[in-house]
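Asks: Taking the UniProt record's numbering as reference, the numbering of the sequence shown is continuous, increasing by one, and the terminal residue is 513.
We treat Cβ as the ideally placed atom computed from N, Cα and C, and that holds for glycine.
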Amino acid sequence: MAVVPSSEMLDTLKYTPTWVVATVCTIIVLISLCAERGLHYLGEFLKHRRLDALFEALQKLKEELMLLGFISLMLTVFQGLISNICVPPRAVSLMLPCKIEKGFDTEQETHHGEHFSLGNTLNKRRLLSEGSGSSLCLSKGKVPLLSIESLHHLHIFIFVLAVVHVVFCATTMVLGGAKIRRWKHWEEAIKKENSKQEDVTTNKNQNAPAENEFVKERAMGFWRKSVVISGMMSFFKQFYASVTKSDYKALRSGFIMKHCSSNPNFDFHRYMMRALEDDFKIVVGISWYLWLFVVLFLLLNVNGWHTYFWLSFLPLILLLSVGAKLEYIITRLAQGAADKEAQRVKPSDHHFWFRRPGIVLYLIHFILFQNSFEMAFFFWIWSTYGFNSCIMEKLNYIIPRLVIGVLIQVLCSYSTLPLYAIVTQMGDMFKQAIFAAQLRTTLHGWAEDVRKRKRSGKGSFLGGKNGQSVPGAELQLQKTDSGASGSSHAEKTPPSLAGLVASAIKNPETPPV
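1) Could you tell me the alpha carbon to alpha carbon distance between Thr202 and Gly254, rounded to whole angstroms?
2) Considering just the uninterrupted stretch of the alpha helix (DSSP H) at Ser32, what are its terminal residues?
3) Buried or exposed: which applies to Gln425, given that a residue is buried once 16 or more other Cβ atoms fall within 10 Å of its Cβ?
4) Determine the contact status of Leu276 and Ala421, defining contact as a CB-CB distance below 7 Å.
5) Among the residues of its own chain, which have a CB less than 7 Å from the CB of Ile71, if the five just before and after it don't count?
6) Along the chain, which unbroken stretches of the alpha helix (DSSP H) at least 4 residues long are found entirely within the region 405-436?
7) So what's Leu127 in DSSP terms, helix, strand or just coil?
8) Could you work out which residue in Gly386, Ile381, Ser287 is closest to Tyr308 when comparing CA atoms only?
9) Helix, strand or coil for Val295 per DSSP?
10) So, with DSSP's three-state summary, where would you put Val143?
11) For the alpha helix (DSSP H) containing Arg182, name the first residue and the last one.
12) Is there contact between the region 346-361 and the region 294-302, where contact requires at least three CB pairs shorter than 8 Å?
13) Quick check on the DSSP output: the alpha helix (DSSP H) that includes Ala334 runs from which residue to which?
14) Out of Pro88, Ile180, Gly358, Glu187, state which residue places its alpha-carbon closest to the alpha-carbon of Ser139.
15) With distances taken between CB atoms, is the gap from Ser372 to Val164 smaller than 7 Å?
16) The alpha helix (DSSP H) spanning Tyr15 covers which residue range?
17) For chain D, is any of its Cβ atoms less than 7 Å away from the one on Ile82?
18) Pull up the DSSP beta-bridge partners for Cys390, would you.
19) Could you tell me if Arg252 is buried or exposed, where buried requires 16 or more neighbouring beta carbons within 10 angstroms of its beta carbon?
20) So the candidates are Gly177, Leu67, Gly445, Thr384; which of them puts its Cα closest to the Cα of Asp279?
21) Is DSSP giving Cys260 helix, strand or coil here?
22) Around the Cβ of residue 588, are there at least 16 other Cβ atoms within 10 angstroms (buried) or fewer (exposed)?
23) Using beta-carbon positions only, say whether Ala337 and Phe235 come within less than 7 Å of one another.
24) With DSSP as the reference, identify every bridge partner of Cys98, one or two as the case may be.
25) Who pairs with Val87 in a beta bridge, going by DSSP?
26) Taking only the alpha-carbon atoms, compute the straight-line gap between His350 and Ile329 and give it to the nearest angstrom.
27) Measure how close the beta-carbons of Phe55 and Leu46 come, nearest whole angstrom, since I'm counting them as under 8 Å.
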């Protein structure tokens, strides 16, 4: 008669059947290999379609997965050490997320409403033995700093947070990109109008009615001159028709006149889409300062403070502020155009916060992450402790948080992100997406070569000594609008690359030779 091992024996591999160990390992390895191959083939597909920005975003995602794997490894390796850290009972009774009640039974959780819990059955069975750490601390009259099961729950939460963040960012980019693609027919209509003109001068005159319409819609009227009234109208404008056809045509014309006036048929829409793809690889990542916010949020989750309820308003306030600011920049551009005879939009960094258009992207990054944190925390608590858990808070706190989360996702996708895509092009500088991918690679390679030569003291790329270039060997590349804006940004570029970059600005879709 076979001897059936007890439950205590099954807690170790010594008395676990080999077929069980082999089966579990096989399943885990197969799932891991399928995920790895799936990401590999997705990368090959993106490279084949020449979606280089999305491929870099995928590489960023792999880095985040590697970081999660390292966090998982650290938690697994040091879980025994952490559980053996003993502290006085008074230390673990401070800043609790739930109030300790008399007669509380941690195994049965009778007052948590186990009928609503998705993971209650799984939680009844301990995943790892906690006896050694607890016994060690109890023998000293103390309690463990953190139990092994709590470490396991924290481990799951970090994984859920990363997954939800990636899904929310991807959803926002897909939905926002879908709305921006609707502007494609505006771009094609403008090109058809331009193709009918005999020269660039005639084309400029033909664009005037479109900009007159833009000025009338955005800047005309006595009350429009008031900063308060303009700000209020910009706030409400983000909820309906945030970008109209006249807005698109005027902003497109202003960008082209400043950065590539020699090419009136520049594909501004395609440039915006490529710039948005470049920004996606920044948004999808979880930066170090976002991890600091995670630690801060977990610290402030104290019973009675309702921290997560109040924090849910933070991304909403930031999102509305960003949307209103972007709309107000369009209004300011229209007011600036109204003061000129030609009524031309003049891009400038002065319209943005701290004269840095890039700040808007980091604010959107934080907004999406904070919203992801709210949703991830909700689903994690629901699946781990149950819907009626004390850490979940009452229903009148849960419903507003969920409504605000959905509102942020929709508003950011269909209003704020499209606004960001077009308005942030109204700065003094253009983005690297203006160049084709092959040319960008060439420029990056050249810049890296120059940096290496300067560090090694072998002279510059142009043949000078000690990093000094030979007089007359440099060409100044005019950024674009020497005649239109009255100011230009000159950059020192090798003769072999100056013509390459200049031709790329005239026709950015043509790969370099």
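Replies: By the coordinates alone:
1) Caution is warranted here: a pLDDT of 48 is assigned to Thr202, below 50, making its placement in the model unreliable, and the coordinate value is therefore given only provisionally. Each residue's CA atom was taken as its position, placing Thr202 and Gly254 some 17 Å apart.
2) 18-48
3) buried
4) In this structure, Ala421 lies closer than 7 Å to Leu276 by Cβ.
5) Ile158
6) 417-423
7) Since pLDDT at Leu127 reaches only 37, below the 50 mark, its modelled position is unreliable, and the value read off the structure follows with that caveat. Leu127: coil per DSSP, three-state reduction.
8) Ile381
9) Here Val295 sits in helix by DSSP.
10) Val143: strand per DSSP, three-state reduction.
11) Taken as a continuous stretch (DSSP letters only), Arg182 belongs to no alpha helix (DSSP H), as it is neither H nor E.
12) no
13) 313-338
14) Pro88
15) The beta carbons of Ser372 and Val164 sit closer together than 7 Å.
16) The continuous stretches of alpha helix (DSSP H) do not include Tyr15, and DSSP gives it neither H nor E.
17) In summary, chain D is missing from the structure at hand, where a single protein chain is found.
18) Per DSSP, none; premise fails for Cys390.
19) Sixteen is the threshold: when 16 or more other Cβ atoms of the shown chains lie within 10 Å of the Cβ of Arg252, as they do, the residue is buried.
20) Gly177
21) coil
22) Summary: the structure shown does not reach residue 588, with the chain confined to residues 1 through 513, and so no result is reported for it.
23) One thing to note: Ala337 has its Cβ no nearer than 7 Å to the Cβ of Phe235.
24) Per DSSP, none; premise fails for Cys98.
25) Val143
26) 10 Å
27) In this structure, Phe55 and Leu46 form a Cβ contact; the two beta carbons are roughly 4 Å apart against a cut-off of 8 Å.
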